[in-house]
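S.K.: Numbered according to the UniProt record's numbering, the sequence shown spans residues 1 to 321. What follows is a structure written as structure tokens; I'll ask about it next.
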Amino acid sequence: MTARRPKPDGCSGDVRPRGTEPARRAPRGGAPGGPDQRPAARQGADHTTLGLALGGGAALGAAHAGVLQALEEAGVRFDVVAGTSAGAIIGGAYAAGFGVERIAEFVQGARFADFAEWTARGRWGLLDTGALERSLHNAVGPVAIEDLAVRFGAVAFDLRTRTPVVLSDGPLATALRASSAVPGLFPPVVLGERVLVDGGVAANLPVAAAGALGADRILAVSLTGGSRRMTVRLADRARVLAFGDGGAPALGTLHLLCPETRGASRWSARDVPQLIAAGREAVEAAWADLEPFLTSPGRPAPAAADPPTSANRPRGTTARP
1 MTARRPKPDG CSGDVRPRGT EPARRAPRGG APGGPDQRPA ARQGADHTTL GLALGGGAAL
61 GAAHAGVLQA LEEAGVRFDV VAGTSAGAII GGAYAAGFGV ERIAEFVQGA RFADFAEWTA
121 RGRWGLLDTG ALERSLHNAV GPVAIEDLAV RFGAVAFDLR TRTPVVLSDG PLATALRASS
181 AVPGLFPPVV LGERVLVDGG VAANLPVAAA GALGADRILA VSLTGGSRRM TVRLADRARV
241 LAFGDGGAPA LGTLHLLCPE TRGASRWSAR DVPQLIAAGR EAVEAAWADL EPFLTSPGRP
301 APAAADPPTS ANRPRGTTAR P
């Protein structure tokens, strides 16, 4: 990388959310908002478990593809991924083994008919999400979350209990559909006794979910396009709403990354190339801080010798003006 760009709005940086402690508590298996009872993604005292938390934002989620492209070029790999709504779809594809270029191609080629279809029958939403589940099933296959190589959780919100839920087992396509069921637009997804809608209702930036799934250090990608202070408040609110002031496992160091999304459309594909580029640029601009965060302590340096650069941007993505 040549000259460093300024960090967008000062958003990128290490943050410890209010009320967290250095020592970790064990996740509450089976509790509302908590993961299942499988062991968290621990890899030994000498290894730091690196987590990725991808926030929601509808079409703005294309920026996540750019973030993953840049990190892949730098040789960064994650042990745990948590996602909300659009972040769950991108994160689920990553955890399922999709290459970052395939993810970028998916978001650039996606159309309205891949995600929804109008319905005259629904009482709970204007659109039917059957198309979304079919698209996801076609893309990832009949895979179960617990069989993924990377530990993954999709955040949804249970209307019956009014609590967020981390879906970390069962069919991946169904979990992604539940996590992105925007109330009023899409009908809830019923799983057992749960009536689930978009996780952004309570936890749009799923840092608490990533911590509960076993991450010691978490890179959180917010699509708010706002200031660092706003994003810190989002992260803290997500933790409190998901687990309560005393119930959350203490999070390790949290690094916030905010791609520039202001002015981009949430509900159309017109800005997808620019959003992918914005995700890449956010990583490039923050790399001086990101590299030590992603590699220490107890974690080897990324495999790539050079930091991510815009010169490596794949064809079909366009830099923001």
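By construction, the Cβ of each residue, glycine as well, lies at the ideal position given by its N, Cα and C atoms. This one's a predicted model, so the numbers in the text were calculated from it and none came from an experiment.
Output the distance between the C-alpha atoms of S268 and A59, rounded to the nearest integer angstrom.
M.R.: When rounded, the distance between both Cα atoms is 6 Å.
S.K.: Counting along the chain, where does the alpha helix (DSSP H) carrying T84 start and finish?
M.R.: Not the alpha helix (DSSP H): T84 falls in the beta strand (DSSP E), residues V80 to T84.
S.K.: Does R162 pass the burial test, meaning 16 or more other C-beta atoms within 10 Å, or should it be called exposed?
M.R.: Burial call: exposed.
S.K.: Mind checking whether residue 324 and D271 have CB atoms under 8 Å apart?
M.R.: This structure does not reach residue 324, given that the chain is present from 1 up to 321, and the question cannot be answered.
S.K.: Since T261 contacts S179 with CB under 8 Å, what's their CB separation in whole angstroms?
M.R.: Not quite, the Cβ-Cβ distance comes to about 19 Å (not below 8 Å), so this is no contact.
S.K.: Do the CB positions of L132 and R160 come within less than 8 Å of each other?
M.R.: No.
S.K.: For A53 versus I218, is the C-beta spacing smaller than 8 Å?
M.R.: Yes, the Cβ-Cβ distance between A53 and I218 is below 8 Å.
S.K.: My assumption, with CB atoms under 8 Å, is that A93 sits in contact with V140. Please give the rounded CB distance.
M.R.: Contact holds; Cβ gap of about 7 Å.
S.K.: Determine the DSSP secondary structure at D158, reduced to helix, strand or coil.
M.R.: Strand, per DSSP.
S.K.: In the structure shown, what three-state DSSP assignment does P164 receive?
M.R.: Correct three-state label for P164: strand.
S.K.: Quick test of your reading: G51 and A278, contact by CB under 8 Å. State the CB separation rounded to the nearest angstrom.
M.R.: With a Cβ gap of about 22 Å, G51 and A278 do not count as contacting.
S.K.: With distances taken Cα to Cα, identify the nearest neighbour of A173 among L254, V143, F152 and G109.
M.R.: Per the Cα distances, V143.
S.K.: Does the beta-carbon of R42 have 16 or more other beta-carbons within 10 angstroms, so that it is buried, or is it exposed?
M.R.: In this prediction, R42 scores a pLDDT of 43, lower than 50, which makes its location untrustworthy; the coordinate-derived value is nonetheless stated afterwards. Exposed, because fewer than 16 other Cβ atoms sit within 10 Å of the Cβ of R42.
S.K.: Report the three-state DSSP secondary structure of G246 (helix, strand or coil).
M.R.: Because G246 carries a pLDDT of 44, less than 50, the predicted location of this residue cannot be relied on, and the following value inherits that uncertainty. The answer is coil: DSSP assigns G246 none of H, G, I, E or B.
S.K.: So who's on the other strand from I90, going by DSSP bridges?
M.R.: Looking at the DSSP assignment, I90 forms no beta bridge with any residue, so it has no partner.
S.K.: In the DSSP assignment, the alpha helix (DSSP H) including A74 goes from what residue to what residue?
M.R.: Per DSSP, A74 belongs to no alpha helix (DSSP H) and is neither H nor E.
S.K.: Would you decide whether R194 is buried or exposed? Buried here means 16 or more other CB atoms lie within 10 Å of its CB.
M.R.: Buried, by the Cβ-count rule.
S.K.: Checking the sheet assignment: what are the DSSP bridge partners for V195?
M.R.: Answer is V190.
S.K.: Start and end of the alpha helix (DSSP H) containing A282?
M.R.: That run of the alpha helix (DSSP H) goes V272 to T295.
S.K.: With DSSP collapsed to three states, give me the class of F152.
M.R.: Note: F152 maps to strand in three-state DSSP.
S.K.: Is G56 helix, strand or coil when you go by DSSP?
M.R.: In this structure, G56 counts as coil in the three-state DSSP scheme.
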